[in-house]
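A.B. asks: Going down the list, the protein sequences come from chains U and L. Position one of the first sequence corresponds to residue 1113 (the working numbering), numbered consecutively onward. Position one of the second sequence corresponds to residue 13 (the working numbering), numbered consecutively onward. Each residue gets a CB set at the ideal place from its N, CA and C atoms; glycine is no exception.
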Amino acid sequence: AQSVTQLGSHVSVSEGALVLLRCNYSSSVPPYLFWYVQYPNQGLQLLLKYTSAATLVKGINGFEAEFKKSETSFHLTKPSAHMSDAAEYFCAVSERGGSYIPTFGRGTSLIVHP
Amino acid sequence: DVKVTQSSRYLVKRTGEKVFLECVQDMDHENMFWYRQDPGLGLRLIYFSYDVKMKEKGDIPEGYSVSREKKERFSLILESASTNQTSMYLCASSLRGAEAFFGQGTRLTVV
Chain U
1113 AQSVTQLGSH
1123 VSVSEGALVL
1133 LRCNYSSSVP
1143 PYLFWYVQYP
1153 NQGLQLLLKY
1163 TSAATLVKGI
1173 NGFEAEFKKS
1183 ETSFHLTKPS
1193 AHMSDAAEYF
1203 CAVSERGGSY
1213 IPTFGRGTSL
1223 IVHP
Chain L
13 DVKVTQSSRY
23 LVKRTGEKVF
33 LECVQDMDHE
43 NMFWYRQDPG
53 LGLRLIYFSY
63 DVKMKEKGDI
73 PEGYSVSREK
83 KERFSLILES
93 ASTNQTSMYL
103 CASSLRGAEA
113 FFGQGTRLTV
123 V
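#1: So what does DSSP say about L:G54, is it helix, strand or coil?
#2: Quick check: the Cα distance between U:S1185 and U:E1178, rounded to an integer number of angstroms?
#3: Could you check the C-alpha separation between U:V1205 and U:G1217 for me, to the nearest Å?
#4: Where L:V78 and L:L33 are concerned, what is the direct C-alpha to C-alpha distance, given to the nearest angstrom?
#5: Under DSSP, the beta strand (DSSP E) around U:S1126 begins and ends at which residues?
#6: With H, G and I counted as helix, E and B as strand and the rest as coil, what does DSSP make of L:S19?
#7: Check each candidate in U:S1115, U:G1128, U:S1121, U:A1199 and name the one with the smallest Cα separation from U:Y1148.
#8: Return the CA-CA distance between L:K30 and L:I89, expressed in angstroms with no decimal places.
#9: Would you list the residues sitting across from U:E1200 in a DSSP beta bridge?
#10: On the premise that L:K67 lies in contact with L:D40, defined as a C-beta separation below 8 Å, what is that separation, rounded to the nearest angstrom?
#11: U:N1153 to L:R119, Cα distance in whole Å?
#12: Could you give the residue range of the beta strand (DSSP E) that holds L:Q116?
#13: Considering only residues of the same chain and omitting the five flanking positions on each side of L:R26, which have a CB-CB separation below 8 Å?
#14: By the criterion of Cβ-Cβ separation under 9 Å, what are the contact partners of U:S1121 in chain L?
#15: U:I1172 by DSSP, collapsed to three states: which one?
#16: Below 8 Å CB to CB, which residues in the same chain sit around L:K65 once its five sequence neighbours on both sides are set aside?
#17: Rounded to whole angstroms, how far is the Cβ of U:K1161 from the Cβ of U:L1145, which I believe are closer than 8 Å?
#18: If you reduce the DSSP assignment to three classes, tell me which class U:M1195 lands in.
#19: So L:Y59 and L:Y76 are supposed to be a Cβ contact under 8 Å. How far apart are they, rounded?
#20: Taking Cβ positions only, does U:L1159 come closer than 8 Å to chain L?
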């Protein structure tokens, strides 16, 4: 079975500050891991994905995430927040060699203050 | 670019009505999914399909059914809509083992 826990339903940062959104996963087999972003009244857009190559994954809009097997974590970071980063962020896991159905966390709402 | 198109952005239906939500993808993906999104609960899987005419229940299938007669089209059916089915519905598709691509979502209100 697979599951995702996103710590913090809301994260608030100032413009220009570091963004850190936390994700821990549970998977019985090596996972694929994803971060998605959702703007108001839109579908989800892929930010980045981990599929067993480099453990540090770079995505769009300056975001990156690091896969840490020992900590079962896949935290999302961005060095400097921009107002346009305000959105809902979802972490997802799917099991390699399994059904490949992605399981999503409950989401973290990123609030950016000027 | 992969495109997943949901037939309606907003729908208002009455309690007891039969409701059809349509989803079409244009990239020949094997997998298609229907999720329901509610505040604080994230995305919950209703049904998925890995091939034409094949379907599997997800975490919350009660009150829903699906149809996949063609590879590009996956329909979600609410047999008798109820107010607790008021939600955002998201369709997605993927190749096996790859990331999912999402439609814009359908915000359904049942009154």
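C.D. replies: The structure says:
#1: Residue state, collapsed to three classes: strand.
#2: U:S1185 and U:E1178: Cα-Cα distance of roughly 8 Å.
#3: Looking at the two C-alpha atoms, the distance is approximately 9 Å.
#4: CA-CA distance, L:V78 to L:L33, rounds to 9 Å.
#5: Element bounds for U:S1126: 1122 to 1126.
#6: DSSP, read as helix, strand or coil, puts L:S19 in coil.
#7: For the residues U:S1115, U:G1128, U:S1121, U:A1199, the minimum Cα distance to U:Y1148 belongs to U:A1199.
#8: Going from the Cα of L:K30 to the Cα of L:I89 covers about 7 Å.
#9: Per DSSP, U:Q1150, U:S1221.
#10: With a Cβ gap of about 18 Å, L:D40 and L:K67 do not count as contacting.
#11: For U:N1153 and L:R119, the distance between alpha carbons rounds to 8 Å.
#12: Note, L:Q116: premise wrong, no beta strand (DSSP E); not H, not E.
#13: Counting only Cβ-Cβ distances below 8 Å, and skipping sequence neighbours, we find A93, V122, V123.
#14: Those are G52, listed as they occur along chain L.
#15: Secondary structure of U:I1172 (DSSP, three-state): helix.
#16: For L:K65, the CB contacts under 8 Å within the same chain, skipping 5 residues up- and downstream, are R80, E81 in chain order.
#17: Cβ atoms of U:K1161 and U:L1145 come within 8 Å of each other, at about 7 Å.
#18: Reduced to three states, the DSSP call for U:M1195 is helix.
#19: Approximately 7 Å separates the beta-carbon atoms of L:Y59 and L:Y76; this is inside 8 Å, confirming the contact.
#20: No, no contact with chain L.
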